[in-house]
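Visitor: What follows is a structure written as structure tokens; I'll ask about it next.
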Amino acid sequence: MTRVYSRRFLLAGLLATTATAAGATAPTKSARPVARPDDFARKVDPTATDIVAQAGLSGVTGFAVADATSGVSIEQFQADEALPPASVAKMLTALYGLDRLGAGFRFNTRLVSDGVIEGGTLRGDLWLVGGGDPTLNTDDLGRMVADLHRSGVRSIDGSFYVQNSALPAIPFIDRDQPDYLGYNPTIGAVNLNFNRVHFEWRRGADGYRTTMDARAKRHAPAVEMATMRIVSRDFPVYGYALEKGRDAWTVSRSALGGGGARWLPVRQPALYAADVFGQLARAKGISLPAGQVTDRPAKGRVLVQHASVPLSEMCRDMLKFSTNLTAEVIGLQASGAKTLRSSAAAMNEWGKERFGVDAQLVDHSGLGDRSRISASDLVQILVAAANGPIGALMKPIKLRDANGKVVDGQGIEVTAKTGTLNFVSTLAGYVTTPQGTKRALAIVSADLGARGKIKKSDRERPRGASGWNRRAKSMQQRLLHRWGRA
Numbered sequence: 007m008t009r010v011y012s013r014r015f016l017l018a019g020l021l022a023t024t025a026t027a028a029g030a031t032a033p034t035k036s037a038r039p040v041a042r043p044d045d046f047a048r049k050v051d052p053t054a055t056d057i058v059a060q061a062g063l064s065g066v067t068g069f070a071v072a073d074a075t076s077g078v079s080i081e082q083f084q085a086d087e088a089l090p091p092a093s094v095a096k097m098l099t100a101l102y103g104l105d106r107l108g109a110g111f112r113f114n115t116r117l118v119s120d121g122v123i124e125g126g127t128l129r130g131d132l133w134l135v136g137g138g139d140p141t142l143n144t145d146d147l148g149r150m151v152a153d154l155h156r157s158g159v160r161s162i163d164g165s166f167y168v169q170n171s172a173l174p175a176i177p178f179i180d181r182d183q184p185d186y187l188g189y190n191p192t193i194g195a196v197n198l199n200f201n202r203v204h205f206e207w208r209r210g211a212d213g214y215r216t217t218m219d220a221r222a223k224r225h226a227p228a229v230e231m232a233t234m235r236i237v238s239r240d241f242p243v244y245g246y247a248l249e250k251g252r253d254a255w256t257v258s259r260s261a262l263g264g265g266g267a268r269w270l271p272v273r274q275p276a277l278y279a280a281d282v283f284g285q286l287a288r289a290k291g292i293s294l295p296a297g298q299v300t301d302r303p304a305k306g307r308v309l310v311q312h313a314s315v316p317l318s319e320m321c322r323d324m325l326k327f328s329t330n331l332t333a334e335v336i337g338l339q340a341s342g343a344k345t346l347r348s349s350a351a352a353m354n355e356w357g358k359e360r361f362g363v364d365a366q367l368v369d370h371s372g373l374g375d376r377s378r379i380s381a382s383d384l385v386q387i388l389v390a391a392a393n394g395p396i397g398a399l400m401k402p403i404k405l406r407d408a409n410g411k412v413v414d415g416q417g418i419e420v421t422a423k424t425g426t427l428n429f430v431s432t433l434a435g436y437v438t439t440p441q442g443t444k445r446a447l448a449i450v451s452a453d454l455g456a457r458g459k460i461k462k463s464d465r466e467r468p469r470g471a472s473g474w475n476r477r478a479k480s481m482q483q484r485l486l487h488r489w490g491r492a
């Protein structure tokens with residue numbers, strides 16, 4: 007008996023514009039499909055299982071591909087193996103956020119005051135109220151400072167607060183990651199520059215010169231709440247401690263070389279925003295007291311407001327650049343939960359109700375390797391969502407040859423989300439044949455044994471992971487060629 011994936015999730019009207027959650031229709035649950043009983047496998051050589059075998063990947067690989075219009079399964083192999091999705095989880099997060107919040111939803115950051123402006127002085131308190139915006143950057147704060155200046159404010163005689171209660175304060179996305187990785191930031195109601203600080207070093211005749219700043223395209227104010235000290239040691243390369251209310255970093259002198267730069271995570275994002283806002287205000291001629299972080303509600307009227315881009319645009323950027331912070335904030339905003347685990351659990355339950363899938367995710371970004379989902383469930387979601395905008399929100403994937411060189415796809419088009427962790431490689435999306443047939447596909451590969459043996463200190467570049475990932479990407483490309491031309 008041939009089974010099909012359900013297409014009853016009516017995303018077209020829900021997500022194509024600025025719809026809200028009320029416009030969704032739950033899918034009819036369907037049994038897992040079996041391979042289509044035709045000669046597909048014989049028409050295209052080598053077979054898909056040959057391609058998997060020839061990749062020589064350790065661990066487990068599962069894949070599924072189905073007609074996106076009919077839902078009929080075309081090929082599958084170990085499709086029900088539940089494995090970590092890595093950043094492919096962001097595809098589900100985008101669907102969840104768009105369903106619950108609406109495509110037109112925007113995050114707002116506000117300046118609020120309970121005082122009046124008299125002779126250039128704001129007689130009262132000033133509040134920077136975070137709304138959770140995961141894309142807020144230093145230039146956005148610069149524009150807010152400029153608007154405050156245009157309103158006539160040159161000083162305040164009250165206090166300056168950063169209000170930080172719109173979202174829960176979460177210290178890490180994944181505690182198993184090294185603490186210096188910029189893609190594993192703290193989450194809060196005020197998220198500036200993806201909660202990262204820019205560390206740069208240059209070696210001169212008298213030693214190293216280091217800077218810690220909050221750079222954006224226009225502004226790059228120095229940061230006082232995060233410091234860097236060069237120390238004489240080999241390992242660890244980076245060290246972190248909270249000292250006197252500051253993020254105190256150390257770095258190994260032997261690891262620096264002639265010069266370079268990298269983004270480090272900020273562990274006190276509200277204090278970071280207060281620091282940067284104060285620097286920008288002083289540069290504009292506005293005298294502010296030191297910022298105080300609070301959860302108390304802001305009082306007064308809105309003086310300045312900054313709105314993020316609409317959620318649909320934010321999701322497109324998230325899927326393109328795979329920003330973990332954006333995914334986690336969208337998920338937390340959609341669920342209203344207080345922890346990442348409970349927020350992911352709410353999304354899992356939503357996925358079960360909407361699509362009939364058994365996702366077991368522990369976060370919204372895919373960074374945690376305890377998340378599980380099968381290729382079959384991913385294709386179930388993609389078939390159900392095929393009429394919505396998710397395909398257009400995912401980035402185009404270029405076809406490549408065996409050497410990794412981009413080649414002419416000869417009419418084959420692929421839009422997908424990719425995911426990578428050490429010894430985990432995933433891809434899910436759509437391939438359209440030259441004849442216009444659209445197919446939903448998912449490929450999930452993982453060697454959890456090899457991943458589990460990596461020391462925490464080695465997780466940025468563990469031995470063997472890059473070669474494994476190259477083979478996985480090459481295998482994915484061969485499967486895309488196969489499914490796009492048959």
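Take 7 as the starting number for the sequence shown in our numbering and just add one per residue. We put the CB at the ideal spot given by N, CA and C, even for glycine. If you're wondering where the values come from, they're calculated on a predicted model, not measured in any experiment.
Please confirm whether residue 192 and residue 205 have their CB atoms less than 8 Å apart.
Guide: Not a contact, by the Cβ cut-off of 8 Å.
Visitor: Quick check: what's the CA-CA separation for residue 242 versus residue 401?
Guide: One C-alpha to the other measures close to 37 Å.
Visitor: Helix, strand or coil for residue 234 per DSSP?
Guide: Looking at residue 234 - three-state DSSP - the assignment turns out to be strand.
Visitor: When the distance is taken between beta carbons, is residue 138 closer than 8 Å to residue 368?
Guide: No. Outside cutoff.
Visitor: Let me know the secondary structure DSSP gives residue 79 once reduced to three states.
Guide: If DSSP states are grouped into helix, strand and coil, residue 79 belongs with the strands.
Visitor: Could you say if the segment 388-404 and the segment 418-435 meet the contact criterion of at least three C-beta pairs nearer than 8 Å?
Guide: Segments in contact, yes.
Visitor: Is it the case that the CB of residue 106 approaches a heavy atom of the ligand NAD more closely than 7 Å?
Guide: Among the components of this structure there are no ligands whatsoever, and the ligand NAD is therefore not found.
Visitor: So, are the CB atoms of residue 339 and residue 11 less than 8 Å apart?
Guide: Cβ distance not < 8 Å, so residue 339 and residue 11 don't count as in contact.
Visitor: Residue 357 and residue 89: beta carbons closer than 8 Å?
Guide: Taking 8 Å as the Cβ cut-off, residue 357 and residue 89 do not qualify as a contacting pair.
Visitor: Under three-state DSSP, which class holds residue 462?
Guide: Reduced to three states, the DSSP call for residue 462 is helix.
Visitor: Near residue 376, which residues of its chain fall below 8 Å by C-beta distance, leaving aside the five closest residues on each side in sequence?
Guide: 90 and 368.
Visitor: If you drop the 5 nearest sequence neighbours on each side, which residues of the same chain put their C-beta closer than 7 Å to that of residue 352?
Guide: So the qualifying residues of the chain are 341 and 343.
Visitor: Should residue 79 be labelled buried (16 or more other beta-carbon atoms within 10 Å of its own) or exposed?
Guide: The residue is buried, with at least 16 neighbouring Cβ atoms inside 10 Å.
Visitor: Since I believe residue 257 is in contact with residue 231 (beta carbons under 8 Å), could you give me their beta-carbon distance rounded to a whole number of angstroms?
Guide: Not really, about 17 Å apart at Cβ, beyond 8 Å.
Visitor: Please state whether DSSP places residue 187 in a helix, a strand or coil.
Guide: Of the three classes helix, strand and coil, the one that applies to residue 187 here is coil, per DSSP.
Visitor: So residue 144 and residue 282 are in contact, right, with Cβ under 8 Å, and what is the actual spacing, rounded?
Guide: Between residue 282 and residue 144 the Cβ distance is about 6 Å, and since that is below 8 Å, they are a contact.
Visitor: Can you have a look at residue 248 and say buried or exposed, based on whether 16 or more other CB atoms are within 10 angstroms of its CB?
Guide: Under this definition residue 248 is an exposed residue.
Visitor: If we ignore side chains and look at the alpha-carbon of each, how far apart do residue 176 and residue 255 end up?
Guide: So the alpha carbons of these two residues sit roughly 20 Å apart.
Visitor: Is the beta carbon of residue 496 less than 8 Å from the beta carbon of residue 128?
Guide: This structure leaves residue 496 out entirely; the chain is present only between 7 and 492.
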